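**Q**
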Amino acid sequence: FLPSFPVVSNALNQEVLVVNFEGTISTMSFELLKEALAFAESNSKPIILTLNTPGGSLDATFEVWELIENSKVPVIGYVYPKGARAASAGTYILLSTHIAAMAPNTIIGSCQPISFSFEGSKPVDDPKTINHLVKLLRERAAMHNRNEEIAELFITENLNLNAEEAKEKGVIEFTANFLSELLEKVDGLTVSTTLGEFTFHTR
Numbered sequence: 034f035l036p037s038f039p040v041v042s043n044a045l046n047q048e049v050l051v052v053n054f055e056g057t058i059s060t061m062s063f064e065l066l067k068e069a070l071a072f073a074e075s076n077s078k079p080i081i082l083t084l085n086t087p088g089g090s091l092d093a094t095f096e097v098w099e100l101i102e103n104s105k106v107p108v109i110g111y112v113y114p115k116g117a118r119a120a121s122a123g124t125y126i127l128l129s130t131h132i133a134a135m136a137p138n139t140i141i142g143s144c145q146p147i148s149f150s151f152e153g154s155k156p157v158d159d160p161k162t163i164n165h166l167v168k169l170l171r172e173r174a175a176m177h178n179r180n181e182e183i184a185e186l187f188i189t190e191n192l193n194l195n196a197e198e199a200k201e202k203g204v205i206e207f208t209a210n211f212l213s214e215l216l217e218k219v220d221g222l223t224v225s226t227t228l229g230e231f232t233f234h235t236r
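When you number the sequence shown by this note's numbering, it's gap-free, plus one each residue, and the end is 236.
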C-alpha cells in the first residue's frame, strides 16, 4: 500500500513527487520516504523532500541517508516554507540530497547530538562519537561538492545559517520562495543517481 503523495506538474506534464518531513525525524520518516521512492522510481519522477524539523533519531537519519544514496531518481532537499527549520537531523538529511535548497527566513544547523535518559537530555561530547559524525557529514558534503568545513562546524560549533548564508558558504545550491520557483531553477541541471545521469526538465 502506498500513501497518497502530492504531485506537482506543469503544462508539459513533467512531474515531481513532493514528500514532507515535518516534525521529529523517526522511523516513520524513513518508511514514508521508502514508499515514496518506490513510487517515484517506478514512474521516473524526481522527489522534492521538504524539511521542517527540529531534528530526531540519528538511526532514522542514517536509514534516510541510505535511501537517498541508493535512489534511482534525484532527491531535492528543500527547507520550506518560510520560517521553517531543518535543525540537527534535518541538516544531516539536507546535506545528503542531490540538490539542496532553502526558502528565505529558514534555518539549518545545530547538529551536535543529544542523548536522552531518565535524568533528562544532555549534549553528547564524547570525542569518538563526535569525530565519527563529523567525518560522516563531511563525506556527505564532499559527495555533492559542498563546503566540508561548514559541515563540520554544524556539529562542533552548533553553527546555524539562514538561507542566504548557507548559499554564500556553499552549503546549498539554491534559495527559492516557492516550489514553482525551485522547479524553474533546477530545470536543465544534471545529477548522478545509482541509475546514471538524470536531467531535470521541470520549468
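Quick reminder that beta carbons are idealized off the backbone N, C-alpha and C, glycines included. No experiment lies behind these values; they were computed from the predicted model shown.
Could you pull out every unbroken alpha helix (DSSP H) segment of at least 4 residues lying fully inside the stretch 70-143, listed in chain order?
**A** Counting only runs of 4 or more, we get 91-102, 122-129.
**Q** So what does DSSP say about N210, is it helix, strand or coil?
**A** For the purposes of this step, residue 210 is taken as residue 177 along the sequence shown, with counting starting at 1. Residue state, collapsed to three classes: coil.
**Q** Go ahead and pull the three-state DSSP assignment for K155.
**A** Along the sequence shown, read from residue 1 onward, the residue named residue 155 stands at position 122. Strand at K155.
**Q** Label H234 either buried or exposed according to how many other C-beta atoms from any shown protein chain fall within 10 Å of its C-beta, with 16 as the threshold for buried.
**A** Within the sequence shown, residue 234 is the residue found at index 201, counting from 1. So H234 ends up on the exposed side.
**Q** Taking the alpha-carbon positions, what's the T130 to G153 distance?
**A** Within the sequence shown, residue 130 is the residue found at index 97, counting from 1. Within the sequence shown, residue 153 is the residue found at index 120, counting from 1. Each residue's Cα considered, the two are about 32 Å apart.
**Q** Can you check DSSP and say which residues form a bridge with I147?
**A** Within the sequence shown, the letter at position 114 stands for residue 147. In DSSP, I147 forms a bridge with P156.
**Q** With DSSP run on the structure shown, which of helix, strand or coil describes N193?
**A** Position 160 of the sequence shown, counted from the start, is the residue given in the question as residue 193. Strand.
**Q** Using the beta-carbon count (16 or more within 10 Å), is T227 buried or exposed?
**A** Indexing the sequence shown from 1 puts residue 227 at position 194. Label assigned to T227: exposed.
**Q** What is the DSSP secondary structure of N43, counted as helix, strand or coil?
**A** Reading the sequence shown from its first residue, position 10 is the one you call residue 43. Legend: pLDDT at N43 = 43, less than 50; position of this residue unreliable, no value from coordinates given.
**Q** Rounded to the nearest angstrom, what separates K168 and K78 at their Cα positions?
**A** Residue 168 sits at position 135 when you count from the first residue of the sequence shown. Residue 78 sits at position 45 when you count from the first residue of the sequence shown. For K168 and K78, the distance between alpha carbons rounds to 31 Å.
**Q** At what residues does the beta strand (DSSP E) containing G229 begin and finish?
**A** Numbered from 1 along the sequence shown, position 196 holds the residue referred to as residue 229. Its beta strand (DSSP E) spans residues 229-232.
**Q** For the beta strand (DSSP E) containing T226, name the first residue and the last one.
**A** As a working note, residue 226 is residue 193 in the sequence shown. 223-226 is the span of the beta strand (DSSP E), which, as asked, contains T226.
**Q** Can you look up N53 in the DSSP assignment and give me helix, strand or coil?
**A** Counting from one through the sequence shown, the residue named residue 53 turns up at place 20. Residue state, collapsed to three classes: strand.
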